[in-house]
Every structure is written in structure tokens, then in C-alpha cells.
Amino acid sequence: MEGASGENRLAYFISGTVVTQNVTTRTNSTANISTLTQATVKMGSINNPKRVVLRFSIQYEREEAAINEQLFALHGPELPNKDFFSHLIAPNESSKMHIVLDIHCNSHPTIDSSMISYEVFKVKTNGNFNFEKLDTVACEYARKRCELFTIKWCTNRSLI
3 MEGASGENRL
13 AYFISGTVVT
23 QNVTTRTNST
33 ANISTLTQAT
43 VKMGSINNPK
53 RVVLRFSIQY
63 EREEAAINEQ
73 LFALHGPELP
83 NKDFFSHLIA
93 PNESSKMHIV
103 LDIHCNSHPT
113 IDSSMISYEV
123 FKVKTNGNFN
133 FEKLDTVACE
143 YARKRCELFT
153 IKWCTNRSLI
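Under this note's numbering, think of the first position of the sequence shown as 3, with each following residue one higher.
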């Protein structure tokens with residue numbers, strides 16, 4: 003492209019977007035009269051709100067912070083800079099407890115609960131905590147249980 007005064011102008015367009023976990027990668031193209039170059043640009047973290055449910059043995063009830071840190075170290079790009087809320091859910095006639103993490107809740111303080119995506123992990127340990135990601139059936143079950151127990155988004159208060 004040539005401008006009125008004969009200078010080369012750059013044309014910029016996005017030719018594709020790929021989202022993987024919390025990082026968006028965009029392939030950008032720029033062109034002028036004589037060159038065409040492509041570059042991959044990491045756009046950083048997308049702050050999509052989600053709820054992560056961790057199921058673990060009651061014997062680790064005092065390990066909430068360690069479990070959370072290990073989860074972020076293994077499955078997240080980094081700890082979401084205090085933009086999360088951790089609900090510790092006591093067992094209900096069971097030997098299992100749950101941590102419900104509201105991720106990016108400060109960035110999204112009010113949200114339609116049906117729009118929150120869920121991830122569910124079974125937590126085991128052999129020195130370090132290991133996380134087994136469960137399927138969509140477990141995610142839907144977790145969603146229903148959170149609604150049943152009125153676990154409000156990003157707060158320790160229930161609806162009742």
C-alpha cells in the first residue's frame with residue numbers, strides 16, 4: 003500500500019486466535035508494499051471466571067493453602083494475584099472434604115451463576131499433592147451441589 007505522499011503504510015490484521023488454558027495466542031500479519039511478516043504474540047491471561055472444586059481426604063483439612071498453591075503451580079500459569087476466593091467445605095457424613103475456588107472473582111464480582119465454568123479434581127498425595135481432573139459429569143454434579151448448599155460466588159456468606 004502506498005500513501006498519497008509515496009510512503010509505505012502497514013496493513014495490520016489478525017489472521018487467527020487460539021485459546022489454550024488461560025493464554026490467548028494470536029497470529030498477526032503486517033504487510034507493506036514489499037514485505038510480509040508474521041509474528042506470534044502472547045496476549046496474556048484471559049480472566050474468565052471459573053470455579054474449581056477439589057475433593058480430598060479429611061486428614062488434609064489443615065493443608066488448604068498447600069493444596070491451593072500446588073494446584074496453581076501445576077495447572078495454572080501462576081497464582082491469580084489474590085483474584086480468587088477459597089471456600090473450605092466441611093465433610094457431610096463423609097471422609098472427604100472440598101475446597102471450592104472461585105477464580106477471577108474480584109475481576110467479576112457479580113456474575114450469572116449459570117455462566118461460571120467448573121473444573122473438578124480429585125486430590126491425592128504421595129509426598130506432594132496430585133490432581134486428577136474429572137469429567138463433565140463431575141462438573142455438573144459439583145455445580146448442582148454448590149447451588150444446593152448456596153455457595154455464593156466470591157464470598158463466605160450463603161444466600162440464607
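Ideal placement from N, C-alpha and C gives every residue a C-beta, glycine not left out.
Remember, predicted model here, so these are calculated numbers, not experimental data.
Worksheet item: Where does the unbroken beta strand (DSSP E) through Leu136 begin, and where does it stop?
Response: The residue you call residue 136 lines up with position 134 of the sequence shown. Where Leu136 is concerned, there is no enclosing beta strand (DSSP E), given that its DSSP letter is neither H nor E.
Worksheet entry | Beta bridge counterpart(s) of Lys103 as assigned by DSSP | By 1-based counting over the sequence shown, the position of residue 103 is 101. The sequence shown places Leu at residue 103, rather than the Lys named in the question. Per DSSP, Val54, Ser88.
Worksheet item: Anyone know if the C-beta pair for Arg64 and Cys148 falls short of 8 Å?
Response: Translated into positions along the sequence shown, residue 64 becomes position 62. Translated into positions along the sequence shown, residue 148 becomes position 146. No, the Cβ-Cβ distance between Arg64 and Cys148 is not below 8 Å.
Worksheet item: Since Val102 and His110 are thought to touch, with beta carbons under 8 Å apart, how far apart are those beta carbons, to the nearest angstrom?
Response: For the purposes of this step, residue 102 is taken as the residue at position 100 of the sequence shown. For the purposes of this step, residue 110 is taken as the residue at position 108 of the sequence shown. With a Cβ gap of about 16 Å, Val102 and His110 do not count as contacting.
Practice prompt. Take the Cβ of Ile153 as the centre, count every other Cβ of all protein chains shown within 10 Å, and call the residue buried at 16 or more, exposed below.
Written response: Start at 1 with the first residue of the sequence shown, and residue 153 comes out as number 151. With 16 or more Cβ atoms within 10 Å of its Cβ, Ile153 is classed as buried.
Worksheet item: Start and end of the alpha helix (DSSP H) containing Phe74?
Response: The residue given as residue 74 occupies position 72 in the sequence shown. Counting along the chain, the alpha helix (DSSP H) containing Phe74 begins and ends at 66 to 77.
Item to complete: Using beta-carbon positions only, say whether Ile69 and Phe131 come within less than 8 Å of one another.
Response: Position 67 of the sequence shown holds residue 69. Position 129 of the sequence shown holds residue 131. Result yes, Cβ atoms of Ile69 and Phe131 sit closer than 8 Å.
Worksheet item: Below 8 Å between beta carbons: does that hold for Ile91 and Trp155?
Response: Taking the first residue of the sequence shown as 1, we reach residue 91 at position 89. Taking the first residue of the sequence shown as 1, we reach residue 155 at position 153. Contact flag unset, no.
Item to complete: Determine the closest residue to Gly78 out of Ser116, Lys146, Glu95, Glu121, with distance taken between C-alpha atoms.
Response: Sequence index remark: in the sequence shown, residue 78 carries index 76 (1-based). Considering only alpha carbons, the answer is Glu121.
Fill in: Length of the line joining the Cα atoms of Leu56 and Arg145
Stepping through the sequence shown from its first residue, residue 56 is reached at position 54. Stepping through the sequence shown from its first residue, residue 145 is reached at position 143. Their backbone Cα atoms lie some 13 Å apart in a straight line.
Discussion item. Considering only DSSP beta bridges, list what Glu121 is partnered with.
Written reply: Residue mapping note: residue 121 aligns to position 119 of the sequence shown, counting from 1. Val54, per the DSSP bridge assignment.
Worksheet item: Around the C-beta of Phe133, are 16 or more other C-beta atoms found within 10 angstroms, so that it is buried, or is it exposed?
Response: Numbered from 1 along the sequence shown, position 131 holds the residue referred to as residue 133. Buried, because 16 or more other Cβ atoms sit within 10 Å of the Cβ of Phe133.
Fill in: Proximity to Ile105 [Cα-Cα], best of Leu150, Asn94, Phe74
In the sequence shown, counting from the first residue as 1, residue 105 sits at position 103. Measuring from the Cα of Ile105, the nearest candidate turns out to be Phe74.
Fill in: Contacting residues, own chain, Cβ-Cβ under 6 Å from Asp85 (five flanking each side not counted)
Here residue 85 refers to the residue found at position 83 when the sequence shown is read from its first residue. Taken in chain order, the residues that qualify are His106, Asn108, Ser109.
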